[in-house]
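The block underneath contains the structure these notes are about, expressed in C-alpha coordinates.
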Amino acid sequence: MIKKLLLTIFLGLSAFANSLTVGNDLPILTIKDQFEKEHVVDSNVKTIIFSASKDESTTIKNFLNTKDKDYLANNHIAYVADITGMPSLISKFIALPKMRDYSFPILLIDEDNKALFPVEEDKITIISLENSKITNVKYIKTAEDLAATFK
(Lines of atoms letter the chains of each structure in order from A and count residues from 1; the text may use other names and numbers.)
(Lines give C-alpha, C1' and ligand atoms only; values in the text may rest on other atoms or scores of the structure.)
Protein backbone atom coordinates (compact mmCIF):
# COMPACT_ATOMS: atom_id res chain seq x y z
CA MET A 1 0.00 0.00 0.00
CA ILE A 2 2.72 2.47 0.96
CA LYS A 3 4.73 1.57 -2.14
CA LYS A 4 1.71 2.34 -4.34
CA LEU A 5 1.16 5.65 -2.58
CA LEU A 6 4.81 6.66 -2.95
CA LEU A 7 4.79 5.61 -6.62
CA THR A 8 1.63 7.67 -7.23
CA ILE A 9 3.16 10.71 -5.53
CA PHE A 10 6.42 10.30 -7.47
CA LEU A 11 4.64 9.92 -10.81
CA GLY A 12 2.43 12.89 -10.04
CA LEU A 13 5.43 15.06 -9.20
CA SER A 14 7.26 13.86 -12.30
CA ALA A 15 4.31 14.79 -14.50
CA PHE A 16 4.14 18.23 -12.90
CA ALA A 17 7.91 18.70 -13.18
CA ASN A 18 7.75 18.24 -16.94
CA SER A 19 4.55 20.18 -17.52
CA LEU A 20 5.95 22.93 -19.77
CA THR A 21 5.89 20.84 -22.92
CA VAL A 22 3.99 21.32 -26.18
CA GLY A 23 0.32 20.52 -25.82
CA ASN A 24 0.17 20.98 -22.06
CA ASP A 25 -1.52 23.83 -20.23
CA LEU A 26 0.61 26.37 -18.45
CA PRO A 27 -0.07 26.26 -14.72
CA ILE A 28 -0.75 29.71 -13.25
CA LEU A 29 2.54 30.78 -11.73
CA THR A 30 3.21 33.61 -9.30
CA ILE A 31 6.87 34.61 -9.47
CA LYS A 32 8.69 37.53 -7.84
CA ASP A 33 10.90 39.83 -9.87
CA GLN A 34 14.20 41.46 -8.90
CA PHE A 35 12.24 44.05 -6.87
CA GLU A 36 10.32 41.36 -4.91
CA LYS A 37 7.14 42.33 -6.79
CA GLU A 38 4.88 39.38 -7.59
CA HIS A 39 3.91 38.73 -11.21
CA VAL A 40 1.30 36.23 -12.36
CA VAL A 41 2.21 34.21 -15.42
CA ASP A 42 -1.23 33.33 -16.76
CA SER A 43 -3.31 33.30 -19.95
CA ASN A 44 -2.29 36.91 -20.76
CA VAL A 45 1.27 35.76 -21.40
CA LYS A 46 1.93 34.74 -25.01
CA THR A 47 5.66 34.03 -24.75
CA ILE A 48 8.09 33.08 -22.00
CA ILE A 49 11.78 33.76 -22.46
CA PHE A 50 13.73 31.57 -20.06
CA SER A 51 17.40 31.69 -19.17
CA ALA A 52 19.21 29.18 -17.01
CA SER A 53 22.72 30.68 -17.14
CA LYS A 54 24.52 34.00 -16.92
CA ASP A 55 25.53 33.95 -20.60
CA GLU A 56 21.93 33.47 -21.71
CA SER A 57 20.80 36.23 -19.36
CA THR A 58 23.40 38.58 -20.81
CA THR A 59 22.16 37.89 -24.35
CA ILE A 60 18.57 38.55 -23.29
CA LYS A 61 19.53 41.69 -21.34
CA ASN A 62 21.41 43.09 -24.34
CA PHE A 63 18.41 42.41 -26.57
CA LEU A 64 15.92 43.99 -24.16
CA ASN A 65 18.14 47.03 -23.66
CA THR A 66 17.50 47.88 -27.32
CA LYS A 67 13.71 47.92 -26.70
CA ASP A 68 11.48 50.39 -24.90
CA LYS A 69 10.84 49.80 -21.20
CA ASP A 70 7.32 48.43 -21.81
CA TYR A 71 8.37 46.00 -24.55
CA LEU A 72 7.73 42.86 -22.49
CA ALA A 73 4.32 43.98 -21.20
CA ASN A 74 3.18 45.36 -24.57
CA ASN A 75 4.07 42.08 -26.28
CA HIS A 76 2.74 39.80 -23.51
CA ILE A 77 6.18 38.36 -22.82
CA ALA A 78 7.48 37.13 -19.47
CA TYR A 79 11.23 36.98 -18.98
CA VAL A 80 12.01 34.27 -16.43
CA ALA A 81 15.49 33.52 -15.10
CA ASP A 82 16.94 30.78 -12.97
CA ILE A 83 19.48 32.09 -10.50
CA THR A 84 19.01 29.25 -8.03
CA GLY A 85 22.51 27.92 -8.71
CA MET A 86 24.05 31.20 -7.64
CA PRO A 87 25.34 31.34 -4.04
CA SER A 88 22.82 33.28 -1.95
CA LEU A 89 25.33 35.93 -0.81
CA ILE A 90 26.32 36.63 -4.42
CA SER A 91 22.71 36.89 -5.55
CA LYS A 92 21.70 39.05 -2.58
CA PHE A 93 24.60 41.50 -2.57
CA ILE A 94 25.79 41.56 -6.20
CA ALA A 95 23.38 40.10 -8.76
CA LEU A 96 20.04 41.43 -7.46
CA PRO A 97 21.28 45.01 -6.93
CA LYS A 98 22.66 44.95 -10.48
CA MET A 99 19.36 43.58 -11.85
CA ARG A 100 17.46 46.40 -10.15
CA ASP A 101 19.14 48.81 -12.57
CA TYR A 102 17.46 47.11 -15.54
CA SER A 103 14.41 48.78 -17.06
CA PHE A 104 12.51 45.49 -17.40
CA PRO A 105 11.28 42.88 -14.93
CA ILE A 106 13.10 39.59 -14.53
CA LEU A 107 10.96 36.92 -12.91
CA LEU A 108 13.23 34.87 -10.68
CA ILE A 109 12.22 31.26 -10.15
CA ASP A 110 12.85 29.34 -6.98
CA GLU A 111 13.71 25.68 -6.49
CA ASP A 112 10.00 24.77 -6.50
CA ASN A 113 9.49 26.05 -10.07
CA LYS A 114 12.90 25.23 -11.50
CA ALA A 115 11.97 21.78 -12.83
CA LEU A 116 9.01 23.20 -14.77
CA PHE A 117 11.16 24.95 -17.35
CA PRO A 118 12.70 22.98 -20.21
CA VAL A 119 16.40 23.62 -20.75
CA GLU A 120 19.04 22.85 -23.34
CA GLU A 121 22.57 23.61 -22.24
CA ASP A 122 23.81 27.08 -23.19
CA LYS A 123 20.55 27.99 -24.94
CA ILE A 124 17.69 30.38 -24.31
CA THR A 125 14.30 28.67 -24.08
CA ILE A 126 11.37 30.31 -25.88
CA ILE A 127 7.95 28.98 -24.86
CA SER A 128 5.01 30.06 -27.05
CA LEU A 129 1.52 30.06 -25.57
CA GLU A 130 -2.01 30.39 -26.86
CA ASN A 131 -4.77 30.65 -24.24
CA SER A 132 -2.40 29.13 -21.66
CA LYS A 133 -1.67 26.11 -23.88
CA ILE A 134 1.95 25.56 -24.84
CA THR A 135 2.14 25.59 -28.63
CA ASN A 136 5.90 25.60 -29.17
CA VAL A 137 9.16 25.25 -27.28
CA LYS A 138 12.34 26.20 -29.05
CA TYR A 139 15.92 26.78 -28.06
CA ILE A 140 18.06 29.58 -29.44
CA LYS A 141 21.62 30.67 -28.87
CA THR A 142 22.39 34.13 -30.22
CA ALA A 143 21.08 37.67 -30.00
CA GLU A 144 20.32 37.43 -33.72
CA ASP A 145 18.15 34.37 -33.09
CA LEU A 146 16.35 36.26 -30.33
CA ALA A 147 15.77 39.28 -32.56
CA ALA A 148 14.47 37.03 -35.36
CA THR A 149 12.06 35.36 -32.93
CA PHE A 150 10.46 38.69 -32.05
CA LYS A 151 10.31 40.39 -35.46
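Counting with mature numbering (1 follows the signal peptide of the UniProt record, and there is no 0), you get residues -19 to -1, 1 to 132 for the letters of the sequence shown.
All C-beta atoms in this analysis are idealised placements derived from N, C-alpha and C, irrespective of residue type, glycine included.
| field | Y52 beta carbon less than 7 Å from that of I30 | value | no
| request: Decide if A33 is buried, meaning its Cβ has at least 16 other Cβ atoms within 10 Å, or exposed. | output: buried
| query | Which class does T116 belong to by DSSP, given the choice of helix, strand or coil? | reply | strand
| Taking just the CA atoms, how far does A128 sit from F98? | 21 Å
| Got a sec, what are the start and stop residues for the beta strand (DSSP E) residue 215 sits in? | Absent from the model: residue 215. The displayed extent of the chain is -19 to 132, so no value can be given.
| task | Apply the 10 Å Cβ neighbour rule to I121 and answer buried if 16 or more other Cβ atoms are within range, or exposed otherwise. | result | buried
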